[in-house]
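Student: Just dropping this structure here.
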Amino acid sequence: MQLTNTPNTPAAIWTRLIRPERKDMAPEAARFFLELEFDQQDLDRMHELTVKNQAGDLSAGEVEELQNYRQIGLELDFLRAKARNAIRSPAKGH
């Protein structure tokens, strides 16, 4: 696979890695990813950081922390998309 002129953003890399259009995830793995959730402490912290961000009051460390939460959320979204696709219909190969 040639990657010339292909964006190498985290989202693009995850899309190439996971290939959400393929129906090759085992149902057990799909259920596992669909059941993953942030705990309440993390949800509260994300909310706090979002409010501070909207007010323009984040420190440099908090900016990085919020970016980390966003990145993990995006990666979880990719895995869940693949999982939903796997559960929706039976595996059909590649």
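Residue numbering for the sequence shown follows the numbering used here, starting at 695 and increasing by one per position. For glycine and all other residues, C-beta sits at the position ideal for the given N, C-alpha and C. Quantities reported herein were computed from a predicted structural model and do not represent experimental measurements.
#1: Measure from the alpha carbon of A705 to the alpha carbon of each residue in R764, A780, R782, then state which is nearest.
#2: Within 10 angstroms of the Cβ of A754, are there 16 or more other Cβ atoms? Answer buried if so, exposed if not.
#3: If you draw a straight line from the C-alpha of L730 to the C-alpha of A749, how long is it?
#4: Let's see if you can read the secondary structure: which residues bound the alpha helix (DSSP H) around N747?
#5: For F732 and G767, I'd like the C-alpha separation in whole angstroms.
#6: Would you decide whether L773 is buried or exposed? Buried here means 16 or more other CB atoms lie within 10 Å of its CB.
Tutor: So, from the listed chains and residues:
#1: Position 11 of the sequence shown, counting from 1, holds the residue named residue 705. For the residues R764, A780, R782, the minimum Cα distance to A705 belongs to R764.
#2: Here residue 754 is taken as the residue at index 60 of the sequence shown, counted from 1. Flag for A754 reads exposed.
#3: Reading the sequence shown from its first residue, position 36 is the one you call residue 730. Reading the sequence shown from its first residue, position 55 is the one you call residue 749. One C-alpha to the other measures close to 30 angstroms.
#4: Your numbering for residue 747 matches position 53 in the sequence shown. From DSSP, the alpha helix (DSSP H) with N747 extends over 734-748.
#5: Along the sequence shown, read from residue 1 onward, the residue named residue 732 stands at position 38. Along the sequence shown, read from residue 1 onward, the residue named residue 767 stands at position 73. Taking the straight line joining both Cα atoms gives about 9 angstroms.
#6: Looking up residue 773 in the sequence shown gives position 79. L773 is buried by the Cβ-count criterion.
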